[in-house]
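Undergrad:
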Amino acid sequence: MIVPTRDLFSHAYGKYALGAYNINNLEQAMGLFQGNLQSKAPFIIQISKGARAYTNKLMLEAIIRTADQIWPEALFAVHLDHGDEEACMDCINSGFYSSVMIDGSHLPFEENIAVTKRVVEAAHAKGLSVEAELGQLGGVEEHVSVDEKDAHLTDPAEAEEFIKRTGCDSLACAIGTSHGAFKFTGTQGIRFEVIQEIQRRVPGFPLVMHGSSSVPQDEVARINAAGGALKGAKGVDPAQYLPAAKMGVCKINIDTDGRLVWCRVHREFFRDKPEKFDLRDPGKIFMPEYAKFIASRNELLGSAGQLDAARAHVEALSKGA
Ligand code: G3H
Ligand code: 13P
Ligand code: ZN
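According to our numbering, the stretch in the sequence shown is residues 233 to 553, in order.
1) Assuming K415 contacts V468 under a Cβ cut-off of 8 Å, what Cβ separation, rounded to an integer in Å, is found between them?
2) To which residues does DSSP link L312 through a beta bridge?
3) For G263, which option in A299, P236, G246 has the closest C-alpha, if you only look at C-alpha atoms?
4) Could you have a look at Y253 and say whether DSSP puts it in helix, strand or coil?
5) Are F501 and P514 close, meaning C-beta to C-beta below 7 Å?
6) Is any heavy atom of the ligand 13P found at a distance shorter than 6 Å from the C-beta of N530?
7) With which residues is C405 paired in a DSSP beta bridge?
8) Name the two residues that bound the continuous beta strand (DSSP E) containing I486.
9) Near K478, what residues of its chain come up, given a Cβ to Cβ distance below 8 Å and the 5 sequence neighbours on each side ignored?
10) Give the secondary structure of I302 by DSSP, where H, G and I count as helix, E and B as strand, and everything else as coil.
11) How about the stretch 432-451 and the stretch 485-497: do they share at least three Cβ pairs that are nearer than 8 Å?
12) Just checking H311 against the ligand ZN - is the residue's beta carbon closer than 6 Å to any of the ligand's heavy atoms?
13) Which value, in whole angstroms, describes the spacing of the CA atoms of D239 and L549?
14) Please say whether S271 and A527 have beta carbons closer to each other than 7 Å?
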């Protein structure tokens, strides 16, 4: 069942984080639903601008609608990941999405506020919630000096002002992570003190952590042993997911790790079976492997086992309780 993102957040807040997983195709969708149901977890499906453009934006929506029919017991929200204003408006008007992300993090503060406000107004008019972003991920490179690096993290005072002035429903914060498979070339670790200070200023406000893949070293080693070239790939320590969740991080975005599972399965398959060419053969291995990976993440996020309680919470809210 597709449900409002804000209802999932109000159940998770301070207890666990929802896994927000990106999908691009059928096999990912199959593994995603199966992994979440195996671990009895509510979850968020994310569709990026790139994913919408990969085939046709309607294709992923159709896959999700069908998965919802196959597994009516699944409890999830559908979210636009890293949207610009145009993509946000398109998703808001489509009637399919639970929430959108307006990513104005590259803009000057006032411009970020202005575009976020426009999206919030349009989204709230249709009952959707809005994730905004302040601060910039990816500023934790070795060549960046400490002062410059800190300048990319979300400023808690700015976050407070931004949230109040935009009316956004959740905020993606730069707290030391970065997108992709090569994180933390400099100092490693989530900046918990930034989360803590934002929460002190806006208690109860849901935060989002992007760039949260853990880049498992066994996956990297297997990919490299099967012909890959991912030297030095590194991710977030997944033992930090739950402590972050307990501080108010309600949504933890994981995409790269799923791509690594896909890459490992396909590289090993074609290395070991060079005579094969049927796409379904590696696909049959990938789907359960991805499901297993999703279930393992949900255990670390604390969302595993929360499905029934989250459903009861969402149902009570929909009845006006
Ligand atoms: O943060 C970005 C997500 O990993 C989506 O990646 O834009 O390549 O689909 P993408
Ligand atoms: P990763 O690249 O760490 O998986 O981050 C994904 C993300 O933030 C999607 O918005
Ligand atoms: Zn992201």
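Even for Gly, the Cβ is constructed at its ideal location relative to N, Cα and C.
In this text the structure is predicted, and so the values were computed from the model without any measurement.
TA: Well, looking at it:
1) Here residue 415 corresponds to residue number 183 of the sequence shown, with the count starting at 1. Here residue 468 corresponds to residue number 236 of the sequence shown, with the count starting at 1. Right, their Cβ atoms sit about 7 Å apart.
2) The count along the sequence shown starts at 1 and reaches residue 312 at position 80. Answer is I279, V332.
3) To locate residue 263, count along the sequence shown from 1; it is residue 31. Checking every option, the nearest Cα to that of G263 belongs to A299.
4) What you label residue 253 is simply residue 21 of the sequence shown in a count that begins at 1. Here Y253 sits in strand by DSSP.
5) As a first step, residue 501 must be located in the sequence shown, where it is residue number 269. As a first step, residue 514 must be located in the sequence shown, where it is residue number 282. Against a cut-off of 7 Å, the Cβ pair of P514 and F501 comes out as a contact.
6) One-based indexing of the sequence shown puts residue 530 at position 298. Result no, Cβ not under 6 Å from the ligand 13P.
7) Along the sequence shown, read from residue 1 onward, the residue named residue 405 stands at position 173. Per DSSP, L366.
8) For this step, residue 486 is matched to residue 254 along the sequence shown. Counting along the chain, the beta strand (DSSP E) containing I486 begins and ends at 481-486.
9) Within the sequence shown, numbered from 1, the residue matching residue 478 stands at position 246. Answer for K478: G246, K247, listed in chain order.
10) As a working note, residue 302 is residue 70 in the sequence shown. Helix, per DSSP.
11) yes
12) Counting from 1 along the sequence shown, the entry for residue 311 is found at position 79. H311: no, Cβ never under 6 Å from the ligand ZN.
13) The residue given as residue 239 occupies position 7 in the sequence shown. The residue given as residue 549 occupies position 317 in the sequence shown. In a straight line, the C-alpha of D239 is about 7 Å away from that of L549.
14) As a working mapping, residue 527 is identified with position 295 in the sequence shown. As a working mapping, residue 271 is identified with position 39 in the sequence shown. Yes. Within cutoff.
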